[in-house]
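Below is one structure, written out as structure tokens; the observations come after it.
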Amino acid sequence: MVLAAGLGTRLLPLSAELPKPLMPVGDRPLLAHLAARLSRAGFASFAINIHYLPEEFTSYYNKLESIPLVIQEPEIRGTAGGVAGARGSLGDAPILVWNGDVLVDPPVAALFAAVGEGLAFAVAPRPLGVGTVGLDERGAVVRLRGERFGVEAFGGDYVGVAAIGARVLEQLPARGCLVGDVALPLLRAGERIPTVPLHGDWIDIGSVGAYRRANSEWLEHRGGAGASWVSASATVDPGVTLVASIVGDGAVVRGSGEMARTIVWPGAHAVAPLSDAIVTTSGRVVTPS
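Each residue of the sequence shown is one higher than the last, beginning at 0 in numbering that gives the first Met the number 0.
Following this line, the structure appears as structure tokens:
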């Protein structure tokens, strides 16, 4: 299940136009990247909960590699409550849960092998005492949100991907947070929460700066430093020189001079010279701080 019902307030003003999962990263929306990775992991379909700007999602579903089951929440139920609300449609446990604003290749098989009947987290390793979680010698969570449950041997960052086993799935609250209202009570009760190390790249697209970094990393992986990408349906005036920029489907770039490190959303109109900016479909020019 992809969790996508948040309001995206940290991504304002970008999120005034699009929900986070639909913001373009490189050549397609973030949600399309997630769907492609789910497809490669063997998932023919997935559930997604939505709340904010639900009408914006409609045109994207038939473009995804995996077919989504869409659950619209009239009121936001939280990361645990969202899964609980979809429980009847998710099939047999274990369930993979993925925050819809995190770009990562999730270690699905390892999470399913580790979770049992409980809860397991994917964690990017960090030094001792560093990161959002602390782990013991066996990789179980012993530090979470300032509370300690054992001797910490390693630090780590929870990357927003978890597996939920049958017992915990049945016990999920109708509203609440998977970390604060599920994981912490389990740890307080003496239960072990195993983790699986994530050694690849990941990025939480929770801010305008992080969104820009995600696009920069996409460009670098595709063509190296300084490379640009222009959709086949975009128009760029001959006098414009692109440097490390992305120009989306149907976008138009007019003017002359350099356009550097700029993301032009699909359908947007931008004018060069311009640098270090995001140009939205409505024409808003956002310069990350």
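No residue lacks a Cβ here, since even glycine has one placed at the ideal position from N, Cα and C.
As the structure is a prediction and not an experimental result, all values here were calculated from the model.
### N98 to A243 span [Cα, whole Å]
On the sequence shown, position 99 is the one that residue 98 refers to. On the sequence shown, position 244 is the one that residue 243 refers to. Distance from the CA of N98 to the CA of A243, rounded to the nearest whole angstrom, comes to 28 Å.
#### Entry: Span separating the alpha-carbon of T286 from that of G189
On the sequence shown, position 287 is the one that residue 286 refers to. On the sequence shown, position 190 is the one that residue 189 refers to. So the alpha carbons of these two residues sit roughly 47 Å apart.
### Query
Would you say G5 touches the ligand FMN, meaning its beta carbon is less than 7 Å from a heavy atom?
Of the ligands one can find in the structure shown there are none, so the ligand FMN has no counterpart to examine.
### Message
Quick check on DSSP: helix, strand or coil for V114?
### Response
For the purposes of this step, residue 114 is taken as the residue at position 115 of the sequence shown. DSSP places V114 in the helix class (H, G or I) of the three-state scheme.
### Task
Assign D100 to one of two classes, buried (16 or more other C-beta atoms within 10 Å of its C-beta) or exposed (fewer than that).
Residue mapping note: residue 100 aligns to position 101 of the sequence shown, counting from 1. Counting every other CB atom within 10 Å of its CB across the protein chains shown gives D100 a total of 16 or more, marking it as buried.
### Task
Kindly confirm or deny that the segment 27-41 and the segment 113-133 touch, where touching means at least three C-beta pairs closer than 8 Å.
With fewer than three CB-CB distances shorter than 8 Å, the segment 27-41 does not count as touching the segment 113-133.
### Query
L29 and I204: beta carbons closer than 8 Å?
The residue given as residue 29 occupies position 30 in the sequence shown. The residue given as residue 204 occupies position 205 in the sequence shown. In this structure, the beta-carbon distance from L29 to I204 falls below 8 Å.
#### Entry: Boundaries of the beta strand (DSSP E) in which R260 is found, first to last residue
The count along the sequence shown starts at 1 and reaches residue 260 at position 261. In the DSSP assignment, R260 falls within the unbroken beta strand (DSSP E) covering V251 to V263.
### Query
Using 8 Å as the threshold, is the segment 176-183 in touch with the segment 246-259, meaning 3 or more CB pairs across them?
They do not touch, by the three-pair rule.
#### Entry: Element boundaries [alpha helix (DSSP H), containing T78]
Here residue 78 refers to the residue found at position 79 when the sequence shown is read from its first residue. Per DSSP, the unbroken alpha helix (DSSP H) holding T78 starts and ends at G77 to A85.
### Query
Between V122 and V158, is the Cβ-Cβ spacing less than 8 Å?
Sequence index remark: in the sequence shown, residue 122 carries index 123 (1-based). Sequence index remark: in the sequence shown, residue 158 carries index 159 (1-based). Contact: yes.
### Query
In terms of DSSP beta bridges, what is T131 paired with?
Start at 1 with the first residue of the sequence shown, and residue 131 comes out as number 132. As DSSP reads the structure, T131 sits in no beta bridge.
### Message
Let me check one thing: in DSSP terms, what residues is G138 bridge-paired to?
### Response
Translated into the one-based positions of the sequence shown, residue 138 becomes position 139. According to DSSP, G138 bridges with nothing at all.
### Query
Taking Cβ to Cβ, would you say P105 is nearer than 8 Å to L95?
In the sequence shown, residue 105 corresponds to position 106, counting from 1. In the sequence shown, residue 95 corresponds to position 96, counting from 1. Contact: yes.
### Task
To the nearest angstrom, report how far apart G208 and G282 are at their CA atoms.
Mapped onto the sequence shown, residue 208 falls at position 209. Mapped onto the sequence shown, residue 282 falls at position 283. C-alpha separation (whole angstroms): 19 Å.
#### Entry: Residues bridged to L52 (per DSSP)
Within the sequence shown, the letter at position 53 stands for residue 52. According to DSSP, L52 bridges with nothing at all.
### Message
Among the candidates I163, R27 and M0, whose CA atom is the shortest distance from the CA of R228?
### Response
Counting from one through the sequence shown, the residue named residue 228 turns up at place 229. First, the residue type needs correcting, since residue 228 is Trp and not Arg in the sequence shown. For W228, the closest C-alpha among the options I163, R27 and M0 is that of R27.
### Query
Along the chain, which unbroken stretches of the beta strand (DSSP E) at least 3 residues long are found entirely within the segment 14-47?
None, since the segment 14-47 contains no complete beta strand (DSSP E) of that length.
### Query
For the beta strand (DSSP E) that Y210 lies in, which residues bound it at each end?
Position 211 of the sequence shown, counting from 1, holds the residue named residue 210. Counting along the chain, no beta strand (DSSP E) covers Y210; the unbroken alpha helix (DSSP H) around it starts and ends at V207 to G222.
### Query
For P18, does the count of other Cβ atoms within 10 angstroms reach 16, so buried, or fall short, so exposed?
Counting from one through the sequence shown, the residue named residue 18 turns up at place 19. Under this definition P18 is a buried residue.
#### Entry: Cβ contact check for the segment 243-255 and the segment 267-282: 3 or more pairs under 8 Å
Counting Cβ pairs under 8 Å, three or more are found: they touch.
### Query
Using the C-alpha atoms, what's the distance from P172 back to P20?
Walking along the sequence shown from the start, residue 20 turns up at place 21. Walking along the sequence shown from the start, residue 172 turns up at place 173. Approximately 24 Å between the Cα atoms of the pair.
### Message
Taking the alpha carbon of A43 as the reference point, which residue from E54, P67, M22 and D236 has its own alpha carbon closest?
### Response
Taking the sequence shown and counting its residues from 1, the one referred to as residue 43 is at position 44. Ranking E54, P67, M22 and D236 by Cα distance to A43 puts P67 first.
### Query
What is the rounded straight-line gap between the Cα of G133 and the Cα of V150?
As a first step, residue 133 must be located in the sequence shown, where it is residue number 134. As a first step, residue 150 must be located in the sequence shown, where it is residue number 151. Cα-Cα distance, rounded: 9 Å.
### Message
Within 10 Å of its beta-carbon, does A276 have 16 or more other beta-carbons around it, so buried, or fewer, so exposed?
### Response
For the purposes of this step, residue 276 is taken as the residue at position 277 of the sequence shown. Classification of A276: buried, given that the 10 Å Cβ count is 16 or more.
### Query
Given a threshold of 16 other Cβ atoms within 10 Å of its Cβ, counted over all protein chains shown, does L11 qualify as buried or as exposed?
Against the sequence shown, residue 11 aligns to sequence position 12. The residue is exposed, with fewer than 16 neighbouring Cβ atoms inside 10 Å.
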